[in-house]
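In UniProt numbering, the protein residues as written are 1 to 203.
Here a beta-carbon is modelled for each residue, glycine too, at the ideal position from N, C-alpha and C.
A quick note: this is a predicted structure, and the numbers were derived from the prediction, not measured.
Have a look at the structure below, then the notes.
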């Protein structure tokens, strides 16, 4: 099992909704017994029709892929309906590379989405911003400019909404570029294949 220490507790990131559901179901007995403080991070694209199933995952800590006002509103309503007065931590996902095959709000609309979360989503706790850098970036040329763009997005968000940079985390960097992301300022990295090996191809 991949385990990484975050604030002294165990965190495990899950990419796909069905994987999130099945892994958490298995975790009810063995993993939650051994690691009662485990934190599940949802890092895959989330469709609105899967919100209830994800929200009800035991020990769900946060969803890192909020990328639209519609999704933020739906998740907020789901948390209110199924978790009562609790708040769910979320990251706003930004498509910093402008690739059409990637999820994420474009950089020009980050402030609008963050403002909606802060003003209209009482059951969501904004933790920070998340991005996936362009896969074809040559690391020999230095840190991915997509990471630097996320830094600029954070600066803009903090200025527009009177937030401190230390209170807006940056989730960026994966197995192939996490060291570069950390140099740029990442506070959270997603390094599944480095620890688990390559994901099996689905048939």
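Alpha carbon of residue i to alpha carbon of residue j, nearest angstrom
i: residue 184; j: residue 149; result: 10 Å
i: residue 156; j: residue 120; result: 20 Å
i: residue 144; j: residue 113; result: 24 Å
i: residue 67; j: residue 45; result: 9 Å
i: residue 98; j: residue 111; result: 17 Å
i: residue 58; j: residue 122; result: 21 Å
i: residue 101; j: residue 34; result: 38 Å
i: residue 161; j: residue 134; result: 28 Å
i: residue 142; j: residue 125; result: 33 Å
i: residue 146; j: residue 36; result: 36 Å
i: residue 60; j: residue 50; result: 14 Å
i: residue 179; j: residue 138; result: 14 Å
Close Cβ partners of residue i (< 8 Å) along its chain, the five nearest in sequence each way excluded
i: residue 116; result: 69, 72 and 73
i: residue 154; result: 128, 129, 165, 168 and 170
i: residue 6; result: Residue confidence for residue 6 is low, a pLDDT of 40 falling below 50, so the modelled location carries little weight; the figure read from the coordinates is stated next. Taken in chain order, the residues that qualify are 39 and 188.
Other residues of its chain near residue i: CB distance less than 7 Å, five sequence neighbours each side excluded
i: residue 163; result: 157
i: residue 107; result: 94, 96, 149 and 153
i: residue 52; result: 78 and 82
i: residue 56; result: 82
Classification of residue i by the beta-carbon crowding that lies within 10 angstroms, buried from 16 upward
i: residue 131; result: buried
i: residue 91; result: buried
i: residue 76; result: buried
i: residue 85; result: exposed
i: residue 136; result: exposed
Beta-carbon proximity of residue i to residue j, cut-off 9 Å
i: residue 261; j: residue 88; result: Since the first residue shown for the chain is 1 and the last is 203, residue 261 is missing from the structure and cannot be characterised.
i: residue 38; j: residue 64; result: no
Spatial neighbours of residue i in its chain, beta-carbon cut-off 6 Å, leaving aside the 5 residues before and after
i: residue 172; result: 131, 147, 150, 181 and 186
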